[in-house]
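One structure is given here, and the rest of the page talks about it.
Numbering (the working numbering), first residue to last: -10 to 167.
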């Protein structure tokens, strides 16, 4: 049986649409949905990923459970959620193994919303965004730490503090800081 580091990369195409509406002000981007997210049908569905716990803590709310509750949470807080990549070759959920990335076209999402701030959830997502998307839309992203269980050196408290600019951007109406 191959070890995860030796497992072959599989071509993964995201089945998840962007979660947003016309009132979305801030866009959060991951790299590519994990196997658990693809299986369960919503972003950050892996129960060990702390993404939803971090967002809930920012607004002092219960953690949303399930795709519908997560989408309602995003709508209530004027957040949009999507991925930098439409597809890539990847081993499991290991962002470091990504090859042959194909970016998502974010122009329709941006045109149909009020998004003026972009945050990438992890260094790989930020690097891929800067290389493949920023040149076409002209909007820089702010890199946030990954909420993945692989980033175990970051406590939940520390992640919440690092994600505070997301809440601030929403409250500022998403406008860029001067």
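Note that the Cβ used here is the ideal one computed from N, Cα and C, for glycine as well.
This structure is a prediction, so every number in the text was calculated from the model and none was measured.
Is the beta carbon of residue i less than 8 Å from the beta carbon of residue j?
{"i": "residue 155", "j": "residue 121", "result": "no"}
{"i": "residue 8", "j": "residue 70", "result": "yes"}
{"i": "residue 132", "j": "residue 102", "result": "no"}
{"i": "residue 5", "j": "residue 37", "result": "no"}
{"i": "residue 47", "j": "residue 146", "result": "no"}
{"i": "residue 15", "j": "residue 106", "result": "yes"}
{"i": "residue 17", "j": "residue 68", "result": "yes"}
{"i": "residue 134", "j": "residue 151", "result": "yes"}
{"i": "residue 159", "j": "residue 76", "result": "no"}
{"i": "residue 56", "j": "residue 30", "result": "yes"}
Beta-carbon within less than 7 Å of residue i's beta-carbon, same chain only, minus the 5 sequence neighbours each way: which residues are those?
{"i": "residue 173", "result": "This structure leaves residue 173 out entirely; the chain is present only between -10 and 167."}
{"i": "residue 115", "result": "109, 130, 132"}
{"i": "residue 140", "result": "134"}
Who are the near neighbours of residue i in its chain, counting only those whose CB is closer than 8 Å to its CB and skipping five residues on each side?
{"i": "residue 96", "result": "125, 126"}
{"i": "residue 129", "result": "107, 119, 123"}
{"i": "residue 148", "result": "39, 43, 134, 136"}
Contact defined as beta carbons within less than 8 Å: I believe residue i pairs with residue j. What is the distance between those atoms, to the nearest angstrom?
{"i": "residue 27", "j": "residue 86", "result": "So it is not a contact: roughly 16 Å between Cβ atoms."}
Which same chain residues end up closer than 6 Å to residue i when comparing Cβ atoms and leaving out the 5 residues on each side of it in sequence?
{"i": "residue 13", "result": "67, 69, 102, 104"}
{"i": "residue 161", "result": "none"}
*Please confirm if the region 83 to 94 is in contact with the region 116 to 133, defined as three or more CB-CB distances below 8 Å between the two stretches.*
The answer is yes - the region 116 to 133 touches the region 83 to 94, with three or more Cβ pairs under 8 Å.
*Complete alpha helix (DSSP H) runs within the region 69 to 137 (minimum length 4 residues, chain order)*: The region 69 to 137 contains, as complete alpha helix (DSSP H) runs of 4+ residues, the segments 96 to 100, 112 to 121, 123 to 126 (chain order).
*List in chain order: all unbroken alpha helix (DSSP H) runs of 4+ residues lying wholly within the region 28 to 63.*
Every unbroken stretch of the alpha helix (DSSP H) spanning 4 or more residues and falling wholly within the region 28 to 63 is given here in chain order: 40 to 47.
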